[in-house]
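Visitor: Counting from 164, one number per residue, gives the positions in the sequence shown under this note's numbering. Encoded as C-alpha cells, here's the structure I'll be asking about.
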Amino acid sequence: MSPAPPAASALPGLLVRARRSVRPLRPARPVRPARPVRPVRPGATLAVTAAATALGTVAYTAPTASLAATAQAAHLGATGRTWILTGTLVGISALLLTAGSAADDHGRKRVFTSGVLLFAAAEALAALAPDGSVYLAARILLGAASAAVLAPALGLISHAHPAGPQRIRALGVWGAAVGLGIAVGPVYGALVQQWAGWRAVGGGLAVVSAAVAVCAAVLLTESRAERPRALDPYGVLTLAAGTTLLITGLAEGRDGWGRAWVVTLLVGGVLLLAAFAVVETKGREPMLDPTLFRSPGFLAATGGALFTGLSLVGFMSYLPTLLQGVLGLSGLAAGGVLALWSGLSVVAALQARRLAAHLSATTQVALGLFVCGVGEAGLYGLGPDSSWLRLAPGLAVAGLGSGVLNAALARLAVSSVPAHRAAMGSGANNTSRYLGSALGVAATVAVASSAHPRTPGPEAAAHALATGTDRAVLLAATLCLLGAVLALTARHAERRTAPTPR
164 MSPAPPAASA
174 LPGLLVRARR
184 SVRPLRPARP
194 VRPARPVRPV
204 RPGATLAVTA
214 AATALGTVAY
224 TAPTASLAAT
234 AQAAHLGATG
244 RTWILTGTLV
254 GISALLLTAG
264 SAADDHGRKR
274 VFTSGVLLFA
284 AAEALAALAP
294 DGSVYLAARI
304 LLGAASAAVL
314 APALGLISHA
324 HPAGPQRIRA
334 LGVWGAAVGL
344 GIAVGPVYGA
354 LVQQWAGWRA
364 VGGGLAVVSA
374 AVAVCAAVLL
384 TESRAERPRA
394 LDPYGVLTLA
404 AGTTLLITGL
414 AEGRDGWGRA
424 WVVTLLVGGV
434 LLLAAFAVVE
444 TKGREPMLDP
454 TLFRSPGFLA
464 ATGGALFTGL
474 SLVGFMSYLP
484 TLLQGVLGLS
494 GLAAGGVLAL
504 WSGLSVVAAL
514 QARRLAAHLS
524 ATTQVALGLF
534 VCGVGEAGLY
544 GLGPDSSWLR
554 LAPGLAVAGL
564 GSGVLNAALA
574 RLAVSSVPAH
584 RAAMGSGANN
594 TSRYLGSALG
604 VAATVAVASS
614 AHPRTPGPEA
624 AAHALATGTD
634 RAVLLAATLC
644 LLGAVLALTA
654 RHAERRTAPT
664 PR
C-alpha cells in the first residue's frame, strides 16, 4: 500500500489542535444602554454663565474704590497697589485665547466649571493670604480663573440658544451681566472692606463662586467642536509671555518710562506678540486662524473690543481713584458715582436687542463707541469745588452707550467666527478688551499725573490732578471716536463684500 499524501497525513493532527483550541461559548455580556444625552437648558445655561461673568467683573473691580485701604491693610507699597489690578489683568490676558480654544476642543462645560472652581480657590487664597505677596499671587490666579470662565461662556450660550432673536436676547443679558458686575464690584468692595476688612471681600466671593460651580456641574450641557484641533504650544507660549511682559511693563512704567527694566519689558512683550503673529501664520492648526482677519466682522469685533478697553474700561477703572483725589470722596461714595455709569449700562444692554432688527452688530458697535465718547467728553471740567452731580449727565450717556456696546460686541464675538469656534471667538474678543484695558489704565495714569502743582499743598495738588483728569477725559473721548470710525470702516467693508444675514 502506498503511503498517504502529506496533506492527508497531517489532517488528524490539525483536527486534534483544532479541538484543543475550541473554547466553550460564553454568554454574551449585556450591552449597556447609552447614557441619555442631557437636555440643553437655555434658561439655566444663561443664568449660570451670566452669574459667573458678573462674579468675574465684581472680583476685578472690587478693589478699585478702596485701593489705598486694601494696599495699606495688606502691607503693600505703591507698586503693590498698582499690582492689585494689574495682576488680574495679566492672568486674564495671557490665557483667554488659550482657554477659548481648549473649551472648543475639549469641552466648554469642562473648562468653564474648572474655571469657576479655580476662581473660588483664588478668592479663598486671597482671603487667607498671610502677607501681601501671597495676596497678589492670588489676584494673578484669579485672572487665570476668570479667563477660563469668560472664554467658554459665549460658546455655551450660543450652543444653548439658536441663532436669531433668542440668541440676541441671551447675549444682551450676558452683556448686562458685565455691566452689573462693574456696578456692584466697587460698592461691594468698599462696603465689605469698611465693615469686615479686606480679607472678607475675597471670602464672600469664594463662597458664592463655589455655589455657582455646583450649579454649573449640575445644569450645564457639554458641547465641543466635532473635530478637536491639535495643541498649538508655540502659540500658547508666545501669546502668554508676550501679554505678560507687555502688561508688566505698562504697570511698572507708571513710575518712570525711561528705566532700562521697563523698556526691556515693553520691547520684549511687543517682540513676543509679533512672534505669536508669525507662529499663527506658519502653524498647521493655529490657535487663532489668521484668515479671520480678512473678515470685516472679526476686525470690528477685535478692534471694537480693543478700543473699548483703551477708551472706556481703562479710564473708568481709574475714575474712582481720580474722584477721591479731586473731589475728596470716600471709596464708597466714588464707587456709588461709578455705579451710575455701569448701572445704566445694564439697562441699555437688556434693551439692545430691540436695535438688532434695525442695525447690524458692527453698526451697533460704532454707535455705542460714539455715544460713549460723547458721554466721556461730558466729564470735562471737573474741579475740587465741583459736585459729583456735575458728572451725572456724562456718566449717564456713557452708561447707555456702554450697554449697547457690550451687547453688540458679544454678538460679533460669536457671529464673526465659525460656529464650532465660538469660545475661541469669545477669547479673542476679550483678550483684545483686556489688553486695551491695560493700555488704557496706563495711559490714564500717565496723562492724569502729567500736570504738576505750581505750589506745595493739598489744594494745589487737587487742582493739578483736576487738570490732568481733564486731559485724560479728552484722551478717552478721542479714542472712543477713533474706535467708532474703525467700526464704521468695517461696516463699509461688509457692504462691499457678500452681505450675510445678521
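Note that CB positions come from ideal geometry on N, CA and C, so glycine has one too.
Can you tell me the Cα-Cα spacing of Ala-308 and Leu-209, whole angstroms?
Guide: Counted from its first residue, the sequence shown places residue 308 at position 145. Counted from its first residue, the sequence shown places residue 209 at position 46. Going by the C-alpha atoms only, they are around 19 Å apart.
Visitor: Do Gly-531 and Leu-558 have their C-beta atoms within less than 9 Å of each other?
Guide: Taking the sequence shown and counting its residues from 1, one reaches residue 531 at position 368. Taking the sequence shown and counting its residues from 1, one reaches residue 558 at position 395. Not in contact: Gly-531 and Leu-558 (Cβ atoms no closer than 9 Å).
Visitor: Within a Cβ cutoff of 6 Å, which residues of the same chain sit near Met-479, ignoring the five residues on either side of it in sequence?
Guide: Looking up residue 479 in the sequence shown gives position 316. Counting only Cβ-Cβ distances below 6 Å, and skipping sequence neighbours, we find nothing.
Visitor: How would you write the range of the alpha helix (DSSP H) that Pro-349 sits in, first residue to last?
Guide: Against the sequence shown, residue 349 aligns to sequence position 186. 328–359 is the extent of the alpha helix (DSSP H) around Pro-349.
Visitor: Give the single residue among Trp-551, Ala-225 and Val-274 whose Cα lies nearest to the Cα of Gly-590.
Guide: Within the sequence shown, residue 590 is the residue found at index 427, counting from 1. Answer by Cα proximity: Val-274.
Visitor: Which of helix, strand or coil does DSSP assign to Thr-227?
Guide: Locating residue 227 in the sequence shown gives position 64, counting from the first residue. Helix, per DSSP.
Visitor: Using a Cβ-Cβ cutoff of less than 7 Å, which residues in the same chain neighbour Ser-549 once the five nearest sequence positions on both sides are dropped?
Guide: As a first step, residue 549 must be located in the sequence shown, where it is residue number 386. Cβ within range, chain order: Leu-490.
Visitor: Mind checking which residues open and close the alpha helix (DSSP H) that includes Ala-577?
Guide: Position 414 of the sequence shown holds residue 577. One point to set straight first is that residue 577 is Val, not Ala, in the sequence displayed. Note, Val-577: alpha helix (DSSP H), 555–578.
Visitor: Can you tell me which of Ala-290, Thr-233, Leu-230 and Ala-340 puts its alpha carbon nearest to the alpha carbon of Ala-213?
Guide: Translated into positions along the sequence shown, residue 213 becomes position 50. If we check each option's Cα against that of Ala-213, Ala-340 comes out closest.
Visitor: According to DSSP, simplified to helix, strand and coil, what is Arg-658?
Guide: The count along the sequence shown starts at 1 and reaches residue 658 at position 495. Reduced to three states, the DSSP call for Arg-658 is helix.
Visitor: Tell me whether the beta-carbon of Leu-299 lies closer than 9 Å to the beta-carbon of Tyr-597.
Guide: Position 136 of the sequence shown, counted from the start, is the residue given in the question as residue 299. Position 434 of the sequence shown, counted from the start, is the residue given in the question as residue 597. Their beta carbons are not under 9 Å apart, which means Leu-299 does not touch Tyr-597 by this criterion.
Visitor: Cutting at 7 Å between CB atoms, please list the residues of its own chain near Arg-574, excluding the five before and the five after it.
Guide: If you number the sequence shown from 1, residue 574 lands on position 411. Counting only Cβ-Cβ distances below 7 Å, and skipping sequence neighbours, we find Ile-331, Leu-334 and Ala-524.
Visitor: Rounded to whole angstroms, what is the Cα-Cα separation between Ala-623 and Pro-616?
Guide: By one-based count along the sequence shown, residue 623 stands at place 460. By one-based count along the sequence shown, residue 616 stands at place 453. C-alpha separation (whole angstroms): 5 Å.
Visitor: Let's test the definition: count the other Cβ atoms within 10 Å of the Cβ of Pro-453 and tell me whether it reaches 16, buried, or not, exposed.
Guide: Numbered from its first residue, the sequence shown carries residue 453 at position 290. So Pro-453 counts as exposed.
Visitor: According to DSSP, simplified to helix, strand and coil, what is Asp-418?
Guide: Counting from 1 along the sequence shown, the entry for residue 418 is found at position 255. The answer is helix: DSSP assigns Asp-418 an H, G or I state.
Visitor: In angstroms with no decimal places, state the Cα-to-Cα distance between Ala-463 and Arg-654.
Guide: Here the question's residue 463 lines up with position 300 in the sequence shown. Here the question's residue 654 lines up with position 491 in the sequence shown. Between Ala-463 and Arg-654, the C-alpha separation is close to 8 Å.
Visitor: By Cβ distance below 6 Å, which residues in the same chain neighbour Gly-416 in space, the five residues on each side in sequence not counted?
Guide: As a working mapping, residue 416 is identified with position 253 in the sequence shown. Contacts found: Val-425.
Visitor: Any idea if Val-336 is buried or exposed, counting beta-carbon neighbours within 10 angstroms, 16 or more meaning buried?
Guide: Here residue 336 refers to the residue found at position 173 when the sequence shown is read from its first residue. Result: buried.
Visitor: From which residue to which residue does the alpha helix (DSSP H) around Glu-539 run?
Guide: Within the sequence shown, numbered from 1, the residue matching residue 539 stands at position 376. 524–540 is the extent of the alpha helix (DSSP H) around Glu-539.
Visitor: Under the three-state reduction of DSSP, which class applies to Glu-286: helix, strand or coil?
Guide: Walking along the sequence shown from the start, residue 286 turns up at place 123. The answer is helix: DSSP assigns Glu-286 an H, G or I state.
Visitor: Under 6 Å Cβ to Cβ from Leu-280, same chain only, skipping five residues before and after it: list those, please.
Guide: Taking the sequence shown and counting its residues from 1, the one referred to as residue 280 is at position 117. Ala-376, listed in sequence order.
Visitor: Three or more beta-carbon pairs under 8 Å between the region 379–394 and the region 311–325, yes or no?
Guide: Short answer: they touch.
Visitor: Got a sec? Which residues, its chain only, sit under 7 Å from Ala-191 by beta carbon, not counting five neighbours each side?
Guide: Here the question's residue 191 lines up with position 28 in the sequence shown. In this predicted model, Ala-191 has a pLDDT of only 47, less than 50, meaning its place in the structure is not dependable; the value taken from the coordinates is given anyway. Cβ within range, chain order: n/a, list empty.
Visitor: From the DSSP output, in three-state form, read off Ala-241 for me.
Guide: Working through the sequence shown from its first residue, we reach residue 241 at position 78. The answer is helix: DSSP assigns Ala-241 an H, G or I state.
Visitor: I need the straight-line Cα distance from Ala-347 to Ala-231, nearest angstrom please.
Guide: Counting from 1 along the sequence shown, the entry for residue 347 is found at position 184. Counting from 1 along the sequence shown, the entry for residue 231 is found at position 68. Going by the sequence as given, residue 347 is Val instead of Ala. Roughly 19 Å separates the two Cα atoms.
Visitor: If we call anything under 9 Å between Cβ atoms a contact, is Val-364 one with Pro-226?
Guide: For the purposes of this step, residue 364 is identified with residue 201 of the sequence shown, where counting begins at 1. For the purposes of this step, residue 226 is identified with residue 63 of the sequence shown, where counting begins at 1. Contact: yes.
Visitor: Please state whether the Cβ-Cβ distance between Phe-282 and Leu-218 is less than 9 Å.
Guide: Looking up residue 282 in the sequence shown gives position 119. Looking up residue 218 in the sequence shown gives position 55. Yes.
Visitor: Can you give me the Cβ contacts of Ile-410 inside the same chain, cut-off strictly under 7 Å, excluding the 5 residues immediately before and after it?
Guide: Sequence index remark: in the sequence shown, residue 410 carries index 247 (1-based). Thr-249, Leu-252, Val-253, Ser-256 and Ala-601.
Visitor: With H, G and I counted as helix, E and B as strand and the rest as coil, what does DSSP make of Ser-264?
Guide: Counting from 1 along the sequence shown, the entry for residue 264 is found at position 101. Residue state, collapsed to three classes: helix.
Visitor: Of the residues Ala-284, Thr-407 and Gly-460, which one's Cα is nearest the Cα of Ala-373?
Guide: Taking the sequence shown and counting its residues from 1, the one referred to as residue 373 is at position 210. If we check each option's Cα against that of Ala-373, Ala-284 comes out closest.
Visitor: Kindly indicate which three-state DSSP category Ala-270 falls into: helix, strand or coil?
Guide: Against the sequence shown, residue 270 aligns to sequence position 107. The residue you asked about is not Ala; residue 270 is Gly in the sequence shown. Here Gly-270 sits in coil by DSSP.
Visitor: Classify Val-203 as helix, strand or coil using the three-state DSSP reduction.
Guide: Translated into positions along the sequence shown, residue 203 becomes position 40. Note: Val-203 maps to coil in three-state DSSP.
Visitor: By the DSSP assignment, the alpha helix (DSSP H) with Phe-439 in it spans what residues?
Guide: Within the sequence shown, numbered from 1, the residue matching residue 439 stands at position 276. Where Phe-439 is concerned, the enclosing alpha helix (DSSP H) stretches over 423–445.
Visitor: Could you please give the first and the last residue of the uninterrupted alpha helix (DSSP H) stretch that includes Trp-551?
Guide: Here residue 551 refers to the residue found at position 388 when the sequence shown is read from its first residue. Looking at the DSSP string, Trp-551 is not in any alpha helix (DSSP H), and its letter there is neither H nor E.
Visitor: Look at the alpha carbon of Val-476 and the alpha carbon of Thr-406, and state the distance between them as a whole number of angstroms.
Guide: What you label residue 476 is simply residue 313 of the sequence shown in a count that begins at 1. What you label residue 406 is simply residue 243 of the sequence shown in a count that begins at 1. One C-alpha to the other measures close to 18 Å.
Visitor: For Ala-414 and Leu-482, what's the separation of their Cα atoms in angstroms?
Guide: Locating residue 414 in the sequence shown gives position 251, where the first residue counts as 1. Locating residue 482 in the sequence shown gives position 319, where the first residue counts as 1. C-alpha separation (whole angstroms): 17 Å.
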